[in-house]
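Colleague: Following this message is one structure expressed as structure tokens.
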Amino acid sequence: MDEQPISKVFLTRTEVKALGIPGSNVTWLRNEARGRFPRRIRIGGTRVCWDRTEILNWIEERRAERAQHVYADYA
1 MDEQPISKVF LTRTEVKALG IPGSNVTWLR NEARGRFPRR IRIGGTRVCW
51 DRTEILNWIE ERRAERAQHV YADYA
């Protein structure tokens, strides 16, 4: 397994939001519980992070869904 610096493996809440993923903590928790968002990893106390690969894969899945969705032509 390739050794990566911890900052490359895990993303903090701030880093996830910087990728353009909106939502409050409650929204993320709700979506995690429903299987609609990658589950957080508790790294101590109340500190949490997310697996970078899972987040990037989740973004790509959203892009793929967008490509499959047909929008009505309102023009």
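Each residue of the sequence shown is one higher than the one before, counting from 1 in this note's numbering.
Ideal Cβ positions, reconstructed from N, Cα and C, are used throughout, including at glycine.
#1: Given this structure, state the Cα-to-Cα distance separating residue 51 from residue 20, to the nearest angstrom.
#2: List the endpoints of the continuous beta strand (DSSP E) containing residue 41.
#3: Check whether the Cβ atoms of residue 32 and residue 39 sit closer than 8 Å, and answer yes or no.
#4: Hey, would you say residue 49 sits closer than 8 Å to residue 14, going by beta carbons?
#5: Quick check on this structure: which residue in 30, 37, 26, 16 has the alpha carbon closest to the alpha carbon of residue 62?
Modeller: Answer, in terms of the structure:
#1: Using only the alpha carbons, I get a separation of about 16 Å.
#2: 41 to 44
#3: yes
#4: no
#5: 37
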